[in-house]
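Trainee: The numbering of the sequence shown is this note's numbering, which starts it at 1 and goes up by one. We put the beta carbon where it would ideally sit given N, CA and C, even for glycine. Quick one: the structure is below, questions incoming.
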Amino acid sequence: MYYIVRHGQTEGNKLKTLQGRSNRPLNELGMEQAKTLGEYFADEGIRFDRVYSSPLERAQQTARLAAGDDAEIIVDDRIIEIDYGPYEGASLMDPPEEIKVFFADFVNNPQPEGIEPLDEIVARMGEFLEEISGCQGNVLISTHAIAMKGGLEYLDPEANGAFWSRYIANCSVYAFDWADGEYQVPQEIEY
């Protein structure tokens, strides 16, 4: 079984800024969120045979707390967060107009210049997922909101963009399996 998780809260999340590739650690609440997720996995008897993480500290911290101290973390650049380019650090409380428009409907509204294209995120997440397909045992993937949405879009081609507008909270987790030579549709786990 595969589990894809968004990292726990950071100060950037708390302040509602576009973090993108900023390398911020988890804050106190984020550490607690990741520990709670780790407790859930332990209580369910889920141990991880492989653990993958984005290179950013917040994702690696989440992977460590969710999978346990003895887990070997494999860092993969393909599961890093979106590159917001010139909008990195922008406030979501008072964003530039073009960001408001884009975020209102990721699929149909124009993407501001300088932001990594969504189809490229789907492509890199898909390449990563295909490379790890068919792994035996349990796999944890610790990533970020937009990267996770790109992965979920790749896993569920019938979604037709539905994941782009879905809110994915800190430490949200989706599970999916590999069967009959293909990934199954991911399902959100409530814990």
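Go ahead and pull the three-state DSSP assignment for A123.
Mentor: helix
Trainee: Tell me which same chain residues have a C-beta within less than 6 angstroms of the C-beta of I115, skipping the five on either side of it?
Mentor: Y84 and G85
Trainee: Among D180, Q136 and E153, which has the Cα closest to the Cα of G161?
Mentor: E153
Trainee: Less than 6 angstroms between C-beta atoms, sequence neighbours within five positions excluded: which residues of the same chain meet that for E194?
Mentor: The requested residue 194 is not part of the displayed model; the chain covers only 1 to 191.
Trainee: Should the stretch 125-145 be regarded as contacting the stretch 46-62, the criterion being three or more beta carbon pairs within less than 8 angstroms?
Mentor: yes
Trainee: How would you write the range of the alpha helix (DSSP H) that I73 sits in, first residue to last?
Mentor: No alpha helix (DSSP H) contains I73, which is instead part of the beta strand (DSSP E) from I73 to V75.
Trainee: Using 8 angstroms as the Cβ pair cut-off and three pairs as the minimum, do the stretch 156-175 and the stretch 4-23 touch?
Mentor: yes
Trainee: In its own chain, which residues sit with a C-beta less than 8 angstroms from the C-beta of D105, not counting the 5 before and 5 after it?
Mentor: Hits under 8 angstroms: S165.
Trainee: Which residues in the same chain as K16 place their Cβ atom closer than 8 angstroms to its Cβ, once the five residues preceding and following it in sequence are excluded?
Mentor: So the qualifying residues of the chain are S91, L92 and M93.
Trainee: Kindly indicate which residue of R64, E88 and S54 has the alpha-carbon position closest to the one of G217.
Mentor: Not covered by the structure: residue 217. The range shown for the chain is 1 to 191.
Trainee: Enumerate in chain order the residues of its own chain whose CB-to-CB distance from V185 is below 6 angstroms, with the five nearest sequence positions on each side excluded.
Mentor: D156
Trainee: Could you spell out where the beta strand (DSSP E) holding L140 opens and where it closes?
Mentor: V139 to T143
Trainee: Going by DSSP, which residues form a beta bridge with Q187?
Mentor: According to DSSP, residue pairing for Q187 in a beta bridge involves A175.
Trainee: Identify, in the order they occur along the chain, each residue of the same chain with its Cβ nearer than 7 angstroms to the Cβ of I107, setting aside the five sequence neighbours on each side.
Mentor: Going by the sequence as given, residue 107 is Val instead of Ile. Hits under 7 angstroms: G161 and W164.
Trainee: According to the neighbour-count rule (16 or more other Cβ atoms, all chains shown, within 10 Å of its Cβ), is G20 buried or exposed?
Mentor: By the neighbour-count criterion, in which a residue is buried when 16 or more other Cβ atoms sit within 10 angstroms of its Cβ, G20 is buried.
Trainee: Can you grab the Cα-Cα spacing for the pair P96 / E113, in whole Å?
Mentor: 12 angstroms
Trainee: Taking all protein chains shown into account, do 16 or more other C-beta atoms lie within 10 angstroms of the C-beta of Q203, making it buried, or fewer, making it exposed?
Mentor: Any property of residue 203 remains undetermined from this structure, which presents the chain solely from 1 to 191.
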